[in-house]
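Undergrad: This structure is in structure tokens; I'll ask about it shortly.
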Ligand SMILES: N[C@@H](CCC(=O)N[C@@H](CS)C(=O)NCC(=O)O)C(=O)O
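In our numbering, the protein residues as written are 231 to 460.
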């Protein structure tokens, strides 16, 4: 096993004879969602590091797994899934233990909506390649304004959507898909983009609850085998 590949143990093995492989980058929030979900489901997987900073996602080997050149990618036997939402929905169907979606339709729709706001309405607007492009075309100042504007807009929508749920987590007392998307997004908004969270009391409150969850702690970027921590 190479130094950037490591077995992450949960209490469940995948049902296929081959183990689950997760192609991930420590600082990628999309990969982080899947790490968090795999830990919540107690699934053992092998961590396969893809160094985005070195452009490893453009290698021919990785292109065969995901022609879009994005992490994460999950490999489960002969099933290859690129895209965190598709991966989580696949995991939910194949490994139903510790469900990522609640049983009621309304709760499922709410979780998918919150996940989609993060996955389509926030994260793609601050992804590494886009910010690099904005910086090159419009200058470094524009990159900061752009990021703050789009994260702020998405967080305001999420705050409105979730404000009436007074549970410990986003949609109640259980950790579900909304939380899996929100936890990494809130974390990087604070640590990487310096977003002022005082305007988002609900998101701030649920983020405190994530921090003490072992499944979340084990998914933290700095706990991954490819982490570079100064
Ligand atoms: N919709 C995809 C988005 C994946 C994505 O944007 N991945 C980022 C890391 S979070 C990436 O690989 N970026 C490489 C780049 O920007 O070139 C998902 O949810 O998995």
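Note that beta-carbon positions come from the ideal geometry of N, C-alpha and C, so glycine has one too.
Among 404, 416, 403, whose alpha-carbon lies nearest the alpha-carbon of residue 378?
TA: Nearest of 404, 416, 403 to residue 378, Cα basis: 416.
Undergrad: Note down, in chain order, each residue of its chain lying with its Cβ closer than 6 Å to the Cβ of residue 384, except the 5 sequence neighbours on either side.
TA: So the qualifying residues of the chain are 347, 351, 352.
Undergrad: Within a Cβ cutoff of 6 Å, which residues of the same chain sit near residue 242, ignoring the five residues on either side of it in sequence?
TA: 272, 273, listed in sequence order.
Undergrad: Using three-state DSSP, classify residue 372 as helix, strand or coil.
TA: Helix at residue 372.
Undergrad: What's the gap between the Cα of residue 322 and the Cα of residue 437?
TA: If I take the Cα positions, the gap works out to 23 Å.
Undergrad: Should residue 418 go down as buried or exposed, given a rule of 16 or more other Cβ atoms within 10 Å for buried?
TA: Buried, since its Cβ has 16 or more Cβ neighbours within 10 Å.
Undergrad: For a test of the three-state rule: what should DSSP assign to residue 443, helix, strand or coil?
TA: Three-state DSSP puts residue 443 in coil, outside helix and strand.
Undergrad: For ligand 1, is there any heavy atom lying closer than 7 Å to the beta carbon of residue 407?
TA: Every heavy atom of ligand 1 is 7 Å or more from the Cβ of residue 407, so no.
Undergrad: Output yes or no for whether 8 Å exceeds the beta carbon distance between residue 251 and residue 284.
TA: No. Outside cutoff.
Undergrad: With distances taken between CB atoms, is the gap from residue 301 to residue 363 smaller than 8 Å?
TA: No. Outside cutoff.
Undergrad: With 16 other CB atoms within 10 Å as the buried threshold, where does residue 401 fall?
TA: When all chains shown are included, residue 401 counts as buried.
Undergrad: Given 7 Å as the limit, tell me if residue 315 has its C-beta closer than that to any heavy atom belonging to ligand 1.
TA: Checking every heavy atom of ligand 1 against the Cβ of residue 315, one is found closer than 7 Å.
Undergrad: How about residue 253 and residue 280: do their beta carbons lie closer than 8 Å?
TA: Yes.
Undergrad: Could you tell me which whole alpha helix (DSSP H) segments of length 4 or greater appear in the segment 393-427?
TA: The segment 393-427 contains these whole alpha helix (DSSP H) runs: 407-421.
Undergrad: Does ligand 1 have even one heavy atom less than 7 Å from the beta-carbon of residue 282?
TA: Yes, since a heavy atom of ligand 1 falls inside the 7 Å radius drawn around the Cβ of residue 282.
Undergrad: In whole angstroms, what separates the C-alpha of residue 446 from that of residue 367?
TA: Computed Cα separation, rounded: 37 Å.
Undergrad: Report back the beta-carbon spacing between residue 450 and residue 407 to the nearest angstrom; my notes put them in contact at under 8 Å.
TA: Not a contact, Cβ separation roughly 19 Å.
Undergrad: Compare the beta carbon distance of residue 398 and residue 439 with 8 Å and say whether it is the shorter of the two.
TA: It is a contact, given that the beta carbons lie within the stated cut-off.
Undergrad: Return the residue from the list 282, 240, 294 that minimises the CA-CA distance to residue 276.
TA: Among 282, 240, 294, the Cα nearest to that of residue 276 is on 240.
Undergrad: What does a CB cutoff of less than 6 Å around residue 356 pick up in its chain, not counting 5 residues either side in sequence?
TA: These residues qualify, in order along the chain: 377.
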